[in-house]
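Here the structure comes first, spelled out in C-alpha cells, and everything after it is commentary.
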Amino acid sequence: MKTIHPDLETVVIYGELFGGGYKHKEVEPVKNAIKVQKGVEYAPHNEFYGFDIKLNGTTYLDTGLVNQIFEETGFFYAKILFQGTLDEALKFPNVFDSKIPAWLGLPEIENNMCEGTIVKTLKTKYFGNGSRVILKNKNEKWTEKSKMVRKDRPAQKEVHFSENAKNIWDEIQKYATVNRLNNVVSKIGEFEPKMIGKAIGLFSQDILEDFEKDFPKVFTTIEKEEQKRINKKLNSLVIDVVKEELMTLKV
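Here the sequence shown is numbered in my numbering, starting from 54 and rising by one per residue.
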C-alpha cells in the first residue's frame, strides 16, 4: 500500500459485525457467540464483513482495488453481485436469500432473505456536496429509514429552525426506526431494563453516524446553536422510540 500511496499514515477498514446464530439442523451453535442481526441467519459464529478501505481519513479506495486487497489477504468481504450501468444496478433484484452462508460454506436456509443491496461506482466518485456516490437499496423488510415522518409530541415546546436546519431535522428523524434499534440492541446482547441508557446512547450514535455518512459536513451549513437543538430533539425522539419498543419486551 505504501508503494501506491507514499504519504500513507492511516488505514481504516469499514465493515460490519454479523452472525452469532444459524438455525439449521446440521449446524451446531457456537458457544459465547452473540446474535447480531435479527430476521436473517448469517453464521453460527461472529464474523466481520469488510466493504471499504479509507486512507488518511479522506480517500476511499476504488472498489476493484479494495476487493483485490481483501481477496489477496483472505479478508471476508462484500463481493460484487452484479456489474452494469446505474439503471441496470438499480433494477437488480434486492429480494433474494442471503449469499453469505454459501460464501462461508454453510448449508442454506430457505426464505433467509437478505437485507438488500448496495450500489456504488467502481471508481470512487463524489456528489457536488462532497458526499460519496453510494446508494443503499434495502428491500421492504429491512428498510431502516422510515417512510413516514414522525410528528412532534403536542406537549413539546416548538423549536424554530432556519430552512437548512429544518431540512436536516426532517431527514435525520427518518433514521430513528425500529429496525435500526433492533440491530443496535442485538450487538449488545439480550436486552435488560438496566441497559436502557446504553441502548439510547448507541441508538443515537448509530443514527448520527449513518446520517453523516450519507450527508457529510451537512452540519457545517448551520449554526452551532441549531446543531445543539437538533441533537436535543433527536435525543428526545430516540428516548421515545427506545421506551416504546424495548420497555414492553419480555426480559
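C-beta atoms are modelled at their ideal positions from N, C-alpha and C, and glycine is treated no differently. The model shown is predicted, which means the values in this text are computed figures rather than measured ones.
With a threshold of 8 Å, are at least 3 pairs of Cβ atoms found where one atom belongs to the stretch 226–246 and the other to the stretch 282–297? yes
Quick check: what's the CA-CA separation for residue 136 versus residue 240? 32 Å
Going by the beta-carbon positions, is the gap between residue 95 and residue 129 smaller than 7 Å? no
Compare the beta carbon distance of residue 146 and residue 77 with 7 Å and say whether it is the shorter of the two. no
Please go through the stretch 110–143 and give each complete alpha helix (DSSP H) segment of 4 or more residues, from N-terminal end onward. 116–126
Could you give the DSSP three-state label for residue 228: helix, strand or coil? helix
Using a Cβ-Cβ cutoff of less than 6 Å, which residues in the same chain neighbour residue 74 once the five nearest sequence positions on both sides are dropped? 88
May I have the straight-line CA-CA distance separating residue 62 from residue 109, to the nearest angstrom? 6 Å
Rounded to the nearest angstrom, how far is the Cβ of residue 186 from that of residue 174, given a contact under 8 Å? 5 Å
When 221, 250, 263 and 119 are compared against residue 57, the one with the closest alpha-carbon: 119
Closest to residue 82 by C-alpha separation, out of 214, 189 and 72, would be which residue? 72
Under a three-way DSSP split, which group does residue 311 fall into? Shown here, the chain extends from 54 to 304; a query on residue 311 therefore has no answer.
Ignore the nearest five residues each way along the sequence and tell me which others in residue 272's own chain have a CB closer than 6 Å to its CB. 280
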